[in-house]
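**Student:**
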Amino acid sequence: MKKLTAVNDFVIRFANVNGSGSASANNLFAKAVFRLGVPVSPKNIFPSNIQGLPTWYEVRVNEAGHLGRRGGYDFVVAVNGQTLKKDYDDLESGGYFLYDDTRSLSDEFARKDITLIPVPLTGICNREIQNPRLRPLLKNIIYVGALAALLDMDFSVLTDSITKQFSKKPKLAAPNIQALELGFEYVSEHFTDICGLSVKQSDKLTDHILMDGNSATGLGAVYGGATVAGWYPITPSTSVVESFEKFTGRFRMEASGKRRAAVIQAEDELAAMGIAVGAAWNGARSFTATSGPGLSLMNELLGLAYFTEIPVVLVNVQRTGPSTGMPTRTQQSDILSSAYASHGDTKHVLLFPMDPKECFEMAADSFDLAEALQTPVMVMSDLDLGMNDHVCKPFEWDDTRKYNRGKVLDADQLDALTEDWGRYLDRDNDGVGYRTLPGTHPEKGAYFTRGSSHDEYAAYTEDNAAYKRCMERLAKKWETAKGLVPASEINISDEVNTSALIFYGTTTHAALEAVEMLGEKGVALNTMRIRSFPFTDQVLEFINRHDRAFVVEQNRDGQMRTLFINELGVAPDRLISVAHMDGTPPDATSICQSVIKNTKPQKTKGGAA
Amino acid sequence: MSRRPVFRHPSLPKNDLGYTRRDYEGLDSTLCAGCGHDSIGNAIIRACFELSVEPHRVAKLSGIGCSSKTPAYFLGKSHGFNSVHGRMPSIATGANMANKDLLYIGVSGDGDTASIGMGQFIHVARRNLNMVYIVMNNGCYGLTKGQDSATADRGSASKKGRPNPFEAIDLCESAVQLGAGFVARGFSGDKEQLVPMIKAAIRHKGFSLVDVISPCVTFNNTPTSTKSYHWVRDNMEATATFDFIPMMPEITTEYEAGTTQSVAMHDGSLIHLHKSDNSFDVKSRRAAIDALENYREKGQILTGILHVNEDLHDTHEILTTTDAPLNSLTEKELCPGNEALEQVMASYR
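Taken in sequence, the protein lines are chains A and B.
Residue numbers for the first sequence follow this note's numbering, beginning at 1 and rising by one.
Residue numbers for the second sequence follow this note's numbering, beginning at 1001 and rising by one.
1) Among residues of its own chain, excluding the 5 on either side of residue 101 (chain A), which ones have a beta-carbon nearer than 8 Å to its beta-carbon?
2) For residue 532 (chain A), which beta-bridge partners are listed by DSSP?
3) Does residue 278 (chain A) come out as helix, strand or coil in the three-state DSSP assignment?
4) What's the gap between the Cα of residue 1239 (chain B) and the Cα of residue 1229 (chain B)?
5) How about residue 473 (chain A) and residue 431 (chain A): do their beta carbons lie closer than 7 Å?
6) Using beta-carbon positions only, say whether residue 1310 (chain B) and residue 1247 (chain B) come within less than 7 Å of one another.
7) Indicate the three-state DSSP secondary structure (helix, strand or coil) for residue 1148 (chain B) in the structure shown.
8) According to a CB-to-CB cut-off of less than 9 Å, which residues of the stretch 272-284 of chain A neighbour chain B?
9) Distance cutoff 7 Å, beta carbons only. Does residue 1120 (chain B) sit that close to anything in chain A?
10) What is the residue span of the alpha helix (DSSP H) that residue 499 (chain A) lies within?
11) Would you identify the three-state DSSP class for residue 1039 (chain B), choosing helix, strand or coil?
12) With DSSP as the reference, label residue 1249 (chain B) as helix, strand or coil.
13) What does the alpha-carbon distance come out to for the pair residue 59 (chain A) and residue 41 (chain A)?
14) Sort out for me which residues DSSP pairs residue 1103 (chain B) with in a bridge.
15) On the three-state DSSP scale, how would you describe residue 509 (chain A)?
16) What residue ranges within the stretch 1178-1219 of chain B form continuous alpha helix (DSSP H) runs of no fewer than 4 residues, ordered along the chain?
17) Look at residue 166 (chain A) and residue 173 (chain A) and say whether their C-beta atoms are less than 7 Å apart.
18) Just how far apart, CA to CA, sit residue 609 (chain A) and residue 569 (chain A)?
19) Roughly how many angstroms separate the alpha carbons of residue 409 (chain A) and residue 28 (chain A), rounded to a whole number?
20) How many angstroms separate the CA atom of residue 1273 (chain B) from the CA atom of residue 1173 (chain B)?
21) Under 7 Å between C-beta atoms, does residue 1022 (chain B) make it to chain A?
22) Would residue 355 (chain A) count as contacting chain B if we go by Cβ distances under 7 Å?
23) Can you give me the Cβ contacts of residue 1235 (chain B) inside the same chain, cut-off strictly under 6 Å, excluding the 5 residues immediately before and after it?
24) Quick one: does residue 1100 (chain B) have its CB under 7 Å from some CB of chain A?
25) Which first and last residues belong to the beta strand (DSSP E) in which residue 248 (chain A) is found?
26) Nearest CA to the CA of residue 1326 (chain B): which residue from A:548, A:332 and A:252?
27) Shorter than 7 Å from the beta carbon of residue 1203 (chain B) to some beta carbon of chain A?
28) So residue 78 (chain A) is in the beta strand (DSSP E); what residue range does that whole segment cover?
29) Residue 1139 (chain B) and residue 1221 (chain B): beta carbons closer than 7 Å?
30) Would you say residue 1136 (chain B) lies against chain A (beta-carbon separation less than 7 Å)?
31) Quick check: the Cα distance between residue 598 (chain A) and residue 397 (chain A), rounded to an integer number of angstroms?
32) Quick one: does residue 1319 (chain B) have its CB under 7 Å from some CB of chain A?
33) Could you please give the first and the last residue of the uninterrupted beta strand (DSSP E) stretch that includes residue 1260 (chain B)?
34) With DSSP collapsed to three states, give me the class of residue 1163 (chain B).
35) From what residue to what residue does the beta strand (DSSP E) around residue 99 (chain A) run?
36) For residue 1077 (chain B), would you say it is in contact with chain A, using Cβ-to-Cβ distances shorter than 7 Å as the test?
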């Protein structure tokens, strides 16, 4: 048997029962890899359930910095009896199977191509841990200690992490460190050079952070000046508002104990969006966070905000649809339903963050963008980005930055007006009017906001010409938006290249790795990472300079590809869909296979769309 | 459609702010002549005028339906928001969160509130949003030509003729049960009761429901309807007559002990209820619900101030938001800056 051997390049999977306290132990391991300076990407694969069902935590350790899912696993910590056999069967050949041999394996566990690492976790725990209530939790810590020995990790990184984690409750640190040592010592005593995988200190990570996207989004909303959040709990977006609330608790509290923010848990997503819209209408920066099912309900009020021109922000942390779908699995499948949310002719500004740093930046920027354009803006995150920890560069804030509050007239400006004011008059020929806030001026600037057809002075109208003028002005505003949204990221590796790879959001990591793998096979691709909708002019230019472009995304129907065809008039046969849709984050190998499959018959273009 | 006379006498009375009643009016109504809703709009105008409310410090919000059109017909110097069907309560919640210093008047109908907006109505009452919520309640859908609404009484028949087979929702009873701090029922044809009722609702801090029976002259003013002018006039019982006295020294000596209940409002205003045999303790939720049920059993409509509780916290107090309106805060008060960000970053290493 050939054992897998690698330094800082492997995938380890933890198979647990959810609700058993495994998450903090698994996080401890991932964080230790991170603190050793090695690029790491942990992914929690969990059920829509609170206790008792299987859950997995997959950690990719990759010195080269590839943060996408690799697929397969080289090492498994198998501590869930329900999935033991499958975890065993799916392990890569040459891999390592660490299990609790307090109960021995049955005869059906008969693979000859893997290495068994039996550790009596329960036995050690029952013998050494005095407090029976701590045993189930510390059993998880014991396997982390064992891993440190097996993977030859610097043990002090783990003990330092524990000390830091329990700095406020030092009494809890001691039993955790004891558990780490128990695992470490057992393995050191019983095995020698059994594992060919190892984690070595690296300089690949410098000032990086390890953070989940939802925390970053909530923090971005605080920095962006949001004061009102209306929301309804839904996986995987819940922690966006929890993060906002947490950071306002840290940064927006007055000495009196009063808070410079209002967070309202609404009765449903209709009301959540209504609260955000009402607050934005009244001049507060406000937002909601939701996922697909909530977005469906919010369509009604998104249409109202579009037509009445209210600058509201919606964070859409996408999950696997349709309907309830797979609530704890990831997808990028709300692209079309977000872009065109609500009945009638509507279009909405979308931003596509790829990592927590962009979650932070785009969340903060979305409020400027919404107020500059007086229209809803959606930040399109997803479950993988929102709920998993990601390695990225630290966030920065320019202290001289001023919020762009858009065109809002105050009392002095209203008094100084020499010409006629109308809420929806297009004075600047950019499709964006001047708004006023309730309570500003005793005599001037009052108007009636309405979702029914209105003229330039906000008066109800069924005059066809006035309606048409309004809709055309909104279309003009859409053109204005193209000059304000963040540009896409384009990489032309070869000027004469005829093929390109297009991707966005969390697909980026696997896509970039695929480009590298394809490069090694002699398939060169230029790349474009879409960062916003509407598409800026560079998007069409990029597509046009290639004979064909592969559009990689996480949905069945190639929704971004559809948007290119619909919005840019690109011929469908020039855009080839590379769709990853099973609810897991995409992996580079499958992207490569898809590209190669569609590249070989050089004479015919397209085909697999 | 009813037009107001354009002529105004030069010596129209002015209120403490120097405004005349006309400063509180809006556009001409486009509702049917005789519509009860216009009477309610006029009562709102009079209440705001007499209380010297600053017109531009009011935000008027509504949903969809005949009732929800009316904010165009009063308070023309105020910002208005005619939102979507049944969603006014959430829009009002957001607006109130953004600026706690304005007066929020929500106008809705029985369809907009008791059917499509029932969930939002319930929850805005629960969170005790500081607003006046006026229901113009005619028991039918006017704009879609007279279908029964969820407040139509069982057995009541509109112009269409078929008796309504479903149980009616009593919004006042629901509001009391939901813990609303001010619950009242009026009749659009009784402005002497309605105007002080709206004034008291404005002065109440927290959620105030004013459910006003407002006959639909076009579709639901038939002799078989329990929301017609004649039926309501014949079957209405007031819980107690009352005076609303805005922030003035108490003058209880005018009333005989035992026949008057006085309720001090949050801002020092007073409601004096002159008790009759029908009356009950307005501070008791149980008494209000008992009274409403007693009159329902007798086939009568109980009007008046039904419940007042001045001891509740409104949404801002519950959330402990800062004293300044949130929409007035700037970067300086809102953005923690780069140094704080570096500390946050360190905690993710």
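Beta carbons are placed, not taken as given, at the ideal position from N, Cα and C, and that holds for glycine.
Every value quoted in this text rests on a predicted model; they were computed, and no experiment measured them.
**Tutor:** Looking at the atomic coordinates:
1) Contacts found: 118, 119 and 120.
2) Beta-bridge annotation (DSSP): residue 532 (chain A) is paired with A:351.
3) Look at residue 278 (chain A) here: in three-state DSSP terms it is helix.
4) A direct Cα-to-Cα measurement between residue 1239 (chain B) and residue 1229 (chain B) gives close to 19 Å.
5) Yes; because the gap between Cβ atoms is below 7 Å, this pair is in contact.
6) No, the Cβ-Cβ distance between residue 1310 (chain B) and residue 1247 (chain B) is not below 7 Å.
7) DSSP places residue 1148 (chain B) within a strand segment (E or B) once states are collapsed to three.
8) So the list reads 272, 273, 274, 275, 276, 277, 278, 279, 280, 281, 282, 283 and 284, given in the order they occur along the chain.
9) Contacts with chain A at 7 Å (Cβ-Cβ) include residue 1120 (chain B).
10) Under the DSSP assignment, residue 499 (chain A) falls outside any alpha helix (DSSP H), being part of the beta strand (DSSP E) whose first and last residues are 499-504.
11) Annotated three-state conformation of residue 1039 (chain B) is helix, per DSSP.
12) Only weak support exists for where residue 1249 (chain B) lies, its pLDDT of 47 falling under 50; the coordinates are left without a value.
13) Their Cα atoms are separated by approximately 6 Å.
14) According to DSSP, residue 1103 (chain B) bridges with B:1058.
15) In the three-state reduction of the DSSP assignment, residue 509 (chain A) falls in the helix class, which pools H, G and I.
16) Those alpha helix (DSSP H) runs which fall completely within the stretch 1178-1219 of chain B and span 4+ residues are 1191-1203.
17) Result yes, Cβ atoms of residue 166 (chain A) and residue 173 (chain A) sit closer than 7 Å.
18) With a pLDDT of only 41 at residue 609 (chain A), under 50, the local geometry of the prediction cannot be trusted, and no value is derived from it.
19) Each residue's CA atom was taken as its position, placing residue 409 (chain A) and residue 28 (chain A) some 52 Å apart.
20) Residue 1273 (chain B) and residue 1173 (chain B): Cα-Cα distance of roughly 20 Å.
21) For residue 1022 (chain B), not one C-beta of chain A is nearer than 7 Å to its own C-beta.
22) Not closer than 7 Å to any Cβ of chain B, the Cβ of residue 355 (chain A) fails to qualify, so no.
23) Excluding positions up to five away in sequence, the list reads 1300 and 1301.
24) Among the CB atoms of chain A, none fall inside 7 Å of the CB of residue 1100 (chain B).
25) Residue 248 (chain A) -> not in any beta strand (DSSP E); alpha helix (DSSP H) instead, spanning 238-251.
26) Relative to the Cα of residue 1326 (chain B), the nearest Cα in the group A:548, A:332 and A:252 belongs to A:252.
27) Answer no: the Cβ-Cβ gap between residue 1203 (chain B) and chain A never drops below 7 Å.
28) Taken as a continuous stretch (DSSP letters only), the beta strand (DSSP E) holding residue 78 (chain A) covers 75-78.
29) No, these two residues do not count as a Cβ contact at 7 Å.
30) Residue contact check for residue 1136 (chain B) against chain A: no CB pair falls below 7 Å.
31) Answer to the nearest angstrom: the Cα atoms are 44 Å apart.
32) For residue 1319 (chain B), at least one C-beta of chain A is nearer than 7 Å to its own C-beta.
33) DSSP places residue 1260 (chain B) inside the beta strand (DSSP E), whose first and last residues are 1260-1264.
34) Residue 1163 (chain B) falls in the strand class under three-state DSSP.
35) Taken as a continuous stretch (DSSP letters only), the beta strand (DSSP E) holding residue 99 (chain A) covers 96-100.
36) Closer than 7 Å to the CB of residue 1077 (chain B) there is at least one CB belonging to chain A.
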